[in-house]
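Residues -7 to 171 (the working numbering) make up the sequence shown, in order.
One structure below.
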Amino acid sequence: PDGESISLIAKSPNGKLIQVWNVRSGEMMHEIGDGGECSIDVAPRGLSLVTGGHPGRIRNWDTSTGQLIREFAGGDDRADLTENERRNLTVRYSLDGTQVVSGSGTGDLQVWETASGRLLHSTDVQAPVYAAAFDRKHGRIVAIWGTALRSWSLESGDITDRVFPAGAPINRLLLSDGG
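Here you go:
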């Protein structure tokens, strides 16, 4: 987190907190969170991380201090939803770290401004969003919901039905820098 040391981000052995470790010294620097985190991503330069969890929480943390920078507004606290439906199942930084995409168990797919926590784009895809990533080259979010990899244009708001059909659920997604 200080630009010189190498950090490792991991869930604690009890699965409740996120730990930030200095790999060179072998020392645990911080424990972050409250145990409700189910998704995590580290900013491109490693200076912060974002977590998604329940009930719909999206939080931005400073990796050098372990302090909460901000909690993004949002989340669905309706009483008729299960805990899993309210969770943010995925969070991912953009390549430049200026935005975060989140996807929830209720089907909310949202793009946030990292610096302010302001919601920039939102759509309801009517199915749990298991993974999402920015495709800057094409100005879209690529996400997994239902059993398909789909594309959401940030400019037009259009959703491409299927980029890649899958017969079984997919729960991880990585894109190259070129999209």
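Where a beta carbon is used, it is the ideal one built from N, C-alpha and C, also for glycine.
Source: prediction; values computed, not measured.
Item, Value
"What did DSSP end up calling Arg142 once you bin it into helix, strand or coil?", "strand"
"List the endpoints of the continuous beta strand (DSSP E) containing His22.", "19 to 24"
"Give me the DSSP bridge partner(s) of Gly95.", "Thr82, Leu101"
"Please classify Pro(-7) as buried or exposed, where buried requires at least 16 neighbouring CB atoms within 10 angstroms.", "Because the pLDDT at Pro(-7) is just 49, under 50, the model does not fix this residue reliably, and the value given afterwards should be weighed accordingly. Classification of Pro(-7): buried, given that the 10 Å Cβ count is 16 or more."
"How long is the line joining the alpha carbons of Gly27 and Met20, rounded to whole angstroms?", "17 Å"
"What is the DSSP secondary structure of Pro(-7), counted as helix, strand or coil?", "With a pLDDT of only 49 at Pro(-7), under the threshold of 50, the placement of this residue in the model should not be trusted, and no figure is reported."
"Grab me the residues of His22's own chain with a C-beta within less than 8 Å of its C-beta, minus the 5 sequence neighbours each way, in chain order.", "Gln11, Val12, Thr55, Thr57, Gly58"
"In the DSSP output, which residue or residues are listed as bridge partners for Val134?", "Ala125, Ser143"
"Going along the chain, which residues of its own chain have a beta-carbon closer than 7 Å to the beta-carbon of Gly138, five neighbours each way excluded?", "Ala119"
"Measuring CB to CB, does Arg128 end up less than 9 Å from Ile136?", "no"
"Measuring only the C-alpha atoms, how far is Asp100 from Trp53?", "22 Å"
"Go ahead and label Asp150 buried or exposed: buried means 16 or more other beta carbons lie within 10 angstroms of its beta carbon, across all protein chains shown.", "exposed"
"Residues in its own chain within less than 7 Å of Trp144 by CB, not counting five upstream and five downstream?", "Leu101, Thr115, Arg132, Ile133, Ala135, Ile151"
"In this structure, how does DSSP classify Gly44 when only helix, strand and coil are distinguished?", "strand"
"Between the alpha carbons of Leu9 and Gln91, how many angstroms are there, rounded?", "24 Å"
"Could you check the C-alpha separation between Val121 and Glu147 for me, to the nearest Å?", "20 Å"
"Measure the C-alpha to C-alpha separation of Trp104 and Cys30 and round it to an integer number of angstroms.", "18 Å"
"Return the CA-CA distance between Leu60 and Gly95, expressed in angstroms with no decimal places.", "21 Å"
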